[in-house]
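What follows is a short report on a single structure.
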Amino acid sequence: MTWTARRVAEALAIFLGVLIAGAWPWPPVQRGFSAIYCPIANLVIAPQTFGRAGHARLSALPRIERHANDNVTADAVLSLSVAGFGGDLPLGVSVRRDVYLPLWILISLLIAAPLGSARRLRALAMGIPFMLALNLAALELLVTWTFAFQLRGIYPREGAPIWLRAVDFAYGAVLSPPGNRFIAPLAVGAALIALFHGRRDDVTKPSPRSTAWG
Amino acid sequence: MVRVAVAMVLLYGLLYFPYPPDSLPVRVISAYLHGVAAVSALLIRLFDAGARANGDLIDGRFSMRVVLDCAALDAHALLAAAVLAFPARWRHRIAGVAAGTLVVAAVNVARIVVLYVAGVRWPSAFPVLHEEVLQIAIILTTLLVFGGWIAMVRRADLTAHAPAVGQ
């Protein structure tokens, strides 16, 4: 396919149109997505024990709110607790910003991409679970880093093993840069477009009628 | 794609490595943040004559601190990785990184000015602008800059290889 200026403009317009329509901050959509995502995330993080008796649980909030100590407008709360100790440490989390928007960026990109319907569906079927897995890995990293570097006694800080230092570096390089959560879906989308755009498996096989009989 | 990913990993390692305090990279990044705050404050004075920068703090009718996450280093790394990994002549790549870095830095300063103005006039819009809209905008702008650079490189190559016409 030749990328003329008109085609680029059309694809860009579709991408931005779909992105804006889906990313518009409608509170019911935000709360609804958070209510669906939190139980899925808990399947991964809730059964785990982090370090010495650390536990985490993500719960959807009934109201979107911003507390004085939060860096984000939260639609969910990540509760960190330690077995044997009462109470927990609540951290406000924006599931919309961290999960919903990256997913929607990927979906918008694949809808605007120059792919046939079958390939587009296959790209979406691969891309959405992959992005969800990336987001769950990011949540796992957040929980591990918070237990290791914001609380005492969960992970050994003195003479920290190399993997814990790697967690600290990964937190600084992957979770802290705010653009990463939007670069990731664009990179995943570009990889999927490159993967499916070059494939020939959608080409219709010639039917017997069209075969030359010689 | 693989070359872009490798370049991104290298640049991120360089930019976000937990350097010791007072080491040269930390001082360079800190000086850059102060510069971003100073230039932003200069432009903010168009809207608020009392705004001034003090180190990485912009103060006036609204206060903002320009921290590492506000420097758009991720966008800079993305652009540099994409341009350096693209199969083009090295002089085009170096010019692309230099010009693109300036454009992304200018867009980031514009982002900070918009955030300040929003903080003063539309405080309820500040969180969504800060956390979502302008973050997405700066990444998309970076990709548009990359696309524009590719178009310019292609045009330059076509011009260089065009057959001579006339005498």
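Top to bottom, those sequences are chains G and S. Final position of the first sequence in our numbering is 259; the numbers increase by one with none missing. Final position of the second sequence in our numbering is 826; the numbers increase by one with none missing. For each residue, glycine too, the CB sits at the ideal point set by N, CA and C. Here the structure is a predicted model, which is why all the values come from computation and not from measurement.
How about Ser79 (chain G): is its C-beta nearer than 8 Å to some C-beta of chain S?
no
Taking 8 Å as the cut-off, does the region 786–794 of chain S touch the region 740–753 of chain S (at least 3 CB pairs, one atom from each stretch)?
no
Same chain, Cβ closer than 8 Å to Thr760 (chain S), neighbours up to 5 away in sequence not counted:
His735, Leu738, Ala739
For a contact meaning CB atoms closer than 7 Å, what does Asn225 (chain G) contact in chain S?
In chain order: Asp733.
Since Ala710 (chain S) contacts Ala697 (chain S) with CB under 8 Å, what's their CB separation in whole angstroms?
Wrong, their Cβ atoms sit about 11 Å apart, outside the cutoff.
For the region 125–148 of chain G, enumerate the residues whose C-beta is nearer than 9 Å to any C-beta of chain S, in chain order.
Flagged, chain order: Ser139, Arg141, Arg142, Leu146.
Quick test of your reading: Val695 (chain S) and Val725 (chain S), contact by CB under 8 Å. State the CB separation rounded to the nearest angstrom.
5 Å
Nearest-angstrom Cβ-Cβ length linking Leu125 (chain G) and Thr191 (chain G), presumed shorter than 8 Å:
6 Å
Can you find a C-beta in chain G that's less than 8 Å from the C-beta of Pro786 (chain S)?
yes
Between the CA atoms of Leu743 (chain S) and Val665 (chain S) - distance to the nearest angstrom
When rounded, the distance between both Cα atoms is 11 Å.
Looking at C-beta atoms only, is the number of pairs between the region 763–775 of chain S and the region 87–105 of chain G that lie closer than 8 Å three or more?
Segment contact: the region 763–775 of chain S against the region 87–105 of chain G, fewer than three CB-CB distances shorter than 8 Å; contact not assigned.
Expressed to the nearest angstrom, what Euclidean distance is found between the alpha-carbon atoms of Ser255 (chain G) and Leu160 (chain G)?
In this predicted model, Ser255 (chain G) has a pLDDT of only 43, less than 50, meaning its place in the structure is not dependable; the value taken from the coordinates is given anyway. Linking Ser255 (chain G) to Leu160 (chain G) through their CA atoms gives a straight-line distance of about 26 Å.
Answer yes or no: does any C-beta atom of chain G fall closer than 8 Å to that of Met827 (chain S)?
Since the first residue of chain S shown is 660 and the last is 826, residue 827 (chain S) is not available in this structure.
According to the neighbour-count rule (16 or more other Cβ atoms, all chains shown, within 10 Å of its Cβ), is Thr818 (chain S) buried or exposed?
exposed
Can you grab the Cα-Cα spacing for the pair Leu149 (chain G) / Leu237 (chain G), in whole Å?
What sits at residue 149 (chain G) in the sequence shown is Trp, not Leu. Their backbone Cα atoms lie some 15 Å apart in a straight line.
Near-chain G residues of the region 669–701 of chain S - C-beta to any C-beta below 9 Å:
Tyr671, Gly672, Leu674, Tyr675, Phe676, Pro677
Using 10 angstroms around the beta-carbon of Glu791 (chain S), count the other beta-carbons present and answer buried if the total reaches 16, otherwise exposed.
Glu791 (chain S) should be labelled buried.
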